[in-house]
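Residue numbers (the working numbering): 1402 to 2126.
For every residue, glycine included, the Cβ atom is placed at its ideal position computed from N, Cα and C.
Keep in mind it's a predicted model, so treat the numbers as computed, not measured.
See below for the structure under consideration.
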Amino acid sequence: MEAASGSSASRARELSRNQRRDSEGSLDFPNLEFEYGDSDSIVAELSELYSYTEEPEFAANRDCFEEDFAIHGKGKKWVELEENEHKSYLMRLLDGLEVISRERRLKFARAILYLAQGVFDDCYTETEVVHWARYNVFLLYEMGTFGALVELLNMEIDNSQACSSSLRKPAISLADSTELRVLLNIMYLMVEIIRREGEDDKPEWSSARDGFRTELSSLVYNGEPFAVLLFSFVNKYCNGHTPHCPIKKVLLLLWKTILFCFGGFETVQELKMEKRAKLGLPPLLENSIQVTRTLRATSPPASAMDILEQQQKRGRRGRRVLVKQDSLDIYCERDEAREEEDEADDGDSGIEGEVDPLEREALIQDLHSPGLAPERWLFPRCLPWATKVREKDIEEFLEVSRCKFIGFTLGNDTETLVGLPRPIHNSVKTLKQHKYVSIAEVQAKMEEELQKSPVSLGAEEVEQTSVEILYQAMLYNLPQYMIALLKIQLAAAPTSKAKTDSINILADLLPEEMPIFVLDYPHCVIHELPELTTEVLEAGDHTQFCWRNLFSCINLLRILNKLTKWKHSRIMMLVVFKSAPILKRVLRAKQAMLQLYALKLLKFQTKYLGRQWRKSNMKIMSAIYHKVRHRLNDDWAYGNDIDARPWDFQAEECSLRVNIEMFNSRRYGLHHTDLEFAPVDNCLQSVLGHQVSLPEDFRYSYELWLEREVFAHPIHWEDLLQPLT
1402 MEAASGSSAS RARELSRNQR RDSEGSLDFP NLEFEYGDSD SIVAELSELY SYTEEPEFAA
1462 NRDCFEEDFA IHGKGKKWVE LEENEHKSYL MRLLDGLEVI SRERRLKFAR AILYLAQGVF
1522 DDCYTETEVV HWARYNVFLL YEMGTFGALV ELLNMEIDNS QACSSSLRKP AISLADSTEL
1582 RVLLNIMYLM VEIIRREGED DKPEWSSARD GFRTELSSLV YNGEPFAVLL FSFVNKYCNG
1642 HTPHCPIKKV LLLLWKTILF CFGGFETVQE LKMEKRAKLG LPPLLENSIQ VTRTLRATSP
1702 PASAMDILEQ QQKRGRRGRR VLVKQDSLDI YCERDEAREE EDEADDGDSG IEGEVDPLER
1762 EALIQDLHSP GLAPERWLFP RCLPWATKVR EKDIEEFLEV SRCKFIGFTL GNDTETLVGL
1822 PRPIHNSVKT LKQHKYVSIA EVQAKMEEEL QKSPVSLGAE EVEQTSVEIL YQAMLYNLPQ
1882 YMIALLKIQL AAAPTSKAKT DSINILADLL PEEMPIFVLD YPHCVIHELP ELTTEVLEAG
1942 DHTQFCWRNL FSCINLLRIL NKLTKWKHSR IMMLVVFKSA PILKRVLRAK QAMLQLYALK
2002 LLKFQTKYLG RQWRKSNMKI MSAIYHKVRH RLNDDWAYGN DIDARPWDFQ AEECSLRVNI
2062 EMFNSRRYGL HHTDLEFAPV DNCLQSVLGH QVSLPEDFRY SYELWLEREV FAHPIHWEDL
2122 LQPLT
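Here's what the structure looks like:
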């Protein structure tokens, strides 16, 4: 009997594996082994800096270094010298950056780049390359290399001759941006390597890291942070002033600079906790990134052909099974007939994690096998997020309840429950238990008070953090920077339409001659590479993906969530521009965080998309229920919310824009000066003694002015003697 049951279970598992194998081509996509974080590994980040067409330049950098080092290196290799000898040679290279000849400057810059790349010709493994790159980069920073590179970068940005020569060419290639690429490569390597903490870091390296972070955040580069210089470079590129700019390298360096100055996700989480404690708010319920990392991706929706094939296979097995329409529904519904005493055993009988539909079917078959089937089997029903309730939600709930039961309202009072039935008392108690006050809500209230009483409350003390310094430096040109980044984003987005009036983002990818070798740095400088042929390209690994592309997609969805959350006017824009089909296609990528933020954006829109859409996309509704945070009194799955009315969205957007402008005006003096709050001169003699400039033709019409403005309006002088009431 046991042998029979074991063979039956093995057959069921084999059948499930065959089904999964058959459905891989159409139903299921591979899970993406991706971990969302501040950045990828150090080797991957160094590799992403270079395009495949830059591979010949590695040898050019090495040759420039060895040509000069052979004269002054005393017949030794770089890795054989002492630190003082390294420093003396670096001083020679830095002096070479100040020569007049452009060609000689480029050779010295290439030699420095070779050192920053890790003197790969003296190394045998990628680990050695990274080790010497770290050593050389910290030495370069100690010798003041970064400041010299910034001066050269400013010279290249303002080089009108290079710009005009690139404009005269029919097509811009790598040769037009050689100097810029060399400088940006060195600066990127310095920022990325110094930013990362290593286990074998020397004490002086830690202090150098702190000093470099302060330097990049301060107003030391032409009176502005280094990131503002890069933003200005991006703006010039999008305006057509520097068409030969290697925009990818500029954006990568800009990203690493901001990440280095502001810190990563752990730093943000620590700052949130400190700010909440300072404002007297309870600690955070959870870390959203850590919670999302525990989620598993769901399978994409099944096609009609896949559903028919599964039904036919089940029919041939002679089993009568109800097939679910969509594989996004990964959990079984709770059995309403389950007795209360059995609910205590859920933790032991449940299955941890999220179960794939096909794996769940195989498990059900195993449980149906003789000798293995219990009376019932359970799947997890717990939700990953803690429930949140806003203060506004409690106010709206009490407003509706008071209107219904006592016939009048009490405004924003959330404490008085007189006249309301006991179930309402219990509901309010439950809502308050899950109330969450964000830092933004407290800051918004503080801003309202400052706007009402700007003089009595005094000027706000703004802490000069790295974020504040950068925001103040960018504020006046912030719209231009935003437009420039959007232009690059649109130019990089795939589309079937021809882009006739678009910026050239491929200028730093097109060589004068196509290479015959490919893959990554530092692998390409350590190992021999196969020849690049059509067969090699066609036989590539299609399961791989670009870390930065997926990282950027998640960030774009997160930014879109921040822009639209609780703002119905902007949610309506998602509906107007038909974002729902695009977000549904995003769900085909099996990555939990990407799916989560796509589902959030879909949740915002469900109340506007209509009943028919919700009925046709119950798979999406189910996935939202299982993945996205719940709000206790949020009827997102229906259309009954009062705030869902779309007719006042323009006024809401205008009000939001006015509030932002008032905040910038008050905090940074963007639109007014200190004269607005200057004291008023009420002395009659001093006012009459002021010299007033009048137009030249005033003397011809002053009599008419006197009749209209003075004599026609009687002055009641006795009113001035009356006491003020």
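| Query | Result |
| --- | --- |
| Secondary structure, alpha helix (DSSP H): runs of 4+ residues fully inside the region 1561-1622 | 1561-1569, 1579-1596, 1604-1618 |
| Stretch pair the region 1786-1798 + the region 1820-1840: three plus CB contacts closer than 8 angstroms | yes |
| Segment contact, 8 angstroms Cβ cut-off, at least three pairs: the region 1631-1639 with the region 1570-1577 | no |
| Cβ pair serine 1618, serine 1867 closer than 8 angstroms | yes |
| Distance, serine 1448 Cα to alanine 1990 Cα | 24 angstroms |
| Glutamate 1625 - partner residues in DSSP beta bridges | Tyr1622 |
| Inter-residue Cα distance where the pair is leucine 1879 and alanine 1894 | 23 angstroms |
| Close beta carbons around cysteine 1954, own chain, < 7 angstroms, minus the five adjacent residues each side | Leu1995 |
| Inter-stretch contact (C-beta, 8 angstroms, three-pair minimum) for the region 1600-1608 and the region 1674-1690 | no |
| Test item: CB-CB of glycine 1519 and alanine 1534 under 8 angstroms | yes |
| Residues near threonine 1695 in its chain [Cβ-Cβ closer than 8 angstroms; skip 5 each side] | Pro1785 |
| At least 3 beta-carbon pairs within less than 8 angstroms: the region 1805-1822 vs the region 1842-1853 | no |
| Whole-number beta carbon distance between isoleucine 1972 and glutamine 2006, since they are thought to touch under 8 angstroms | 6 angstroms |
| C-alpha gap between glutamine 2092 and leucine 2107, whole angstroms | 19 angstroms |
| Secondary structure, alpha helix (DSSP H): runs of 4+ residues fully inside the region 1817-1843 | 1823-1834 |
| Euclidean distance between Cα positions of aspartate 1577 and aspartate 1441 | 30 angstroms |
| Environment of methionine 2019 [buried if 16+ CB atoms lie within 10 Å] | exposed |
| Burial state of tryptophan 1479, where buried means 16 or more other Cβ atoms lie within 10 Å | buried |
| Start-to-end residues for the alpha helix (DSSP H) that takes in arginine 1505 | 1503-1517 |
| Inter-residue spacing [alpha-carbon to alpha-carbon] between tryptophan 1948 and isoleucine 1594 | 19 angstroms |
| Contacting residues, own chain, Cβ-Cβ under 6 angstroms from lysine 1508 (five flanking each side not counted) | Cys1465 |
| For valine 1520, the three-state DSSP class (helix, strand or coil) | coil |
| The ligand ADP heavy atom lying under 7 angstroms from the CB of lysine 1673 | The ligand content of the structure shown is nil, which means the ligand ADP is not present either. |
| For valine 1856 and glycine 2090, the rounded distance between their alpha carbons | 29 angstroms |
| 7 angstroms CB neighbourhood of phenylalanine 2064 in its chain, flanking five on each side removed | Glu1848 |
| Glutamate 1458 to leucine 1958 span [Cα, whole Å] | 37 angstroms |
| Option in Tyr1437, Asn1432, Pro1431 with minimal Cα separation from phenylalanine 1952 | Tyr1437 |
| Cβ-based burial, proline 1647 [other Cβ within 10 Å; buried from 16] | buried |
| Rounded distance between the beta-carbons of glutamate 1580 and valine 1444, thought under 8 angstroms | The Cβ separation is near 27 angstroms, so there is no contact. |
| Arginine 1791 (DSSP reduced to helix, strand or coil) | coil |
| Counterpart residues of arginine 2032 in DSSP-defined beta bridges | Lys1789 |
| Beta-carbon proximity of proline 2115 to leucine 1871, cut-off 8 angstroms | no |
| Any C-beta of chain B under 8 angstroms from that of leucine 1495 | Going by chain labels, chain B is absent from the structure shown, which holds only one protein chain. |
| Same chain only: Cβ atoms within 6 angstroms of leucine 1494, ignoring 5 sequence neighbours per side | Phe1509, Ala1512, Ile1513 |
| Contact between the region 1962-1977 and the region 2051-2059 (3+ Cβ pairs under 8 angstroms) | yes |
| Status (buried if at least 16 other CB within 10 Å, exposed otherwise) for glutamate 1864 | exposed |
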